[in-house]
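All residue numbers for the sequence shown refer to our numbering, where the first residue is 2 and numbers rise by one.
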Amino acid sequence: MPILAYHMVEPRFDLSITRVKPDQFRRQIEIALASGYRFVTLREYLAQAQVDEKAVALTFDDGYESIYQYALPILQEYDIRATVFVISHYLGKMDDWDVNFGGIRFRHLDADGVRALHDAGWEIGSHTCSHWDLTRLSAAGRREEVTASKMELERLTQAQVQTISYPFGNTNAEVIADCRAAGYEAGVVMGRSHVELEMNFNLSRIGVYLFDSPGLFSQKLVAKKQKMFNFIQRGIDFCSDGTVLVRQGIGKPKK
Ligand SMILES: [Zn+2]
2 MPILAYHMVE PRFDLSITRV KPDQFRRQIE IALASGYRFV TLREYLAQAQ
52 VDEKAVALTF DDGYESIYQY ALPILQEYDI RATVFVISHY LGKMDDWDVN
102 FGGIRFRHLD ADGVRALHDA GWEIGSHTCS HWDLTRLSAA GRREEVTASK
152 MELERLTQAQ VQTISYPFGN TNAEVIADCR AAGYEAGVVM GRSHVELEMN
202 FNLSRIGVYL FDSPGLFSQK LVAKKQKMFN FIQRGIDFCS DGTVLVRQGI
252 GKPKK
């Protein structure tokens, strides 16, 4: 019962590998359904009384507009609802928080887009206010990022925000304590969970990327080759870390 992590479902060319093409995304959904899997939101996943081997939680990080344009219509055809983690200060803005080597900027969902997903039954989670690495912020900055984003998204959707995706997948005991104090019930990372951290606030996810063939995607669903995915994921983490370093080189966090 994996939790899958997507970023963009986007037909435009970009050097980023954290994108899947709409046709590729549709094919993956069809593969999963044909293999007897069923998709749930993260909250539904957590609420399961017993382990359901065929339940897959579908999550999207960063809240790009392309989720509304491309992923929503495909998922609606199959009556599937997913979870999207939104960066609350980037509604309707371009992704200038990210280092982009391809030169193309991508727009985030605006307030109406987030509400539309919520109204379609999607779960809205927090991806903080400004996508800083929470483990590198001061205590005050960290609390502000997790608390304000939750409140802002709750005001927007008129619903409780109970889950958080840590930017760059980075978390630690202090971050988790702040999330718990802010009222979250769960948090997700990329790749493996950290054994020393509380499980519900450190849920492992399998990233889905541009280079995933239908065969590799099927294996990710079964998660039998967990070791191989962790190896791939480490490569991605390395890329993300590069992003953090470059970004902090350009401008240090103000908080
Ligand atoms: Zn992100």
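Using N, Cα and C, we set each Cβ at its ideal position, and we do this for glycine too.
- For His132, the CB falls within less than 7 Å of some heavy atom of ligand 1.
- Residue burial annotation: Met200 is exposed, with fewer than 16 other C-beta atoms found within 10 angstroms of its C-beta.
- For the set Ala174, Ala112 and Gly64, the Cα lying nearest the Cα of Leu198 is the one of Ala174.
- In the structure shown, the three-state DSSP call for Arg82 is coil.
- Ranked by Cα distance from Thr84, the options Leu5, Ser194, Ile30 and Cys180 are led by Leu5.
- Secondary structure note for Ile177: its alpha helix (DSSP H) is the uninterrupted segment Ala174 to Ala183.
- DSSP places Glu153 in the helix class (H, G or I) of the three-state scheme.
- One Cα belongs to Ala121, the other to Arg82, and the distance between them is close to 8 Å.
- If you ignore the 5 residues before and after Asp179, its C-beta comes within less than 6 Å of the C-beta of Arg143, Arg144 and Val147, all in its own chain and listed in chain order.
- Within the same chain, and ignoring the five residues on either side of Gly37 in sequence, the residues whose Cβ sits closer than 7 Å to its Cβ are Lys55.
- Contact between Glu66 and His109 holds, with the beta-carbon distance rounding to 6 Å and staying under 8 Å.
- Check the Cα spacing between Tyr46 and each of Ser139, Ser205 and Pro215: the tightest is with Ser205.
- With fewer than 16 other Cβ atoms inside 10 Å of its own Cβ, Gly216 counts as exposed.
- Secondary-structure assignment with DSSP links Arg39 through a beta bridge to Ala56.
- The three-state secondary structure of Glu124, taken from DSSP, is strand.
- Between His119 and Thr158, the C-beta gap is smaller than 8 Å, which places the two residues in contact.
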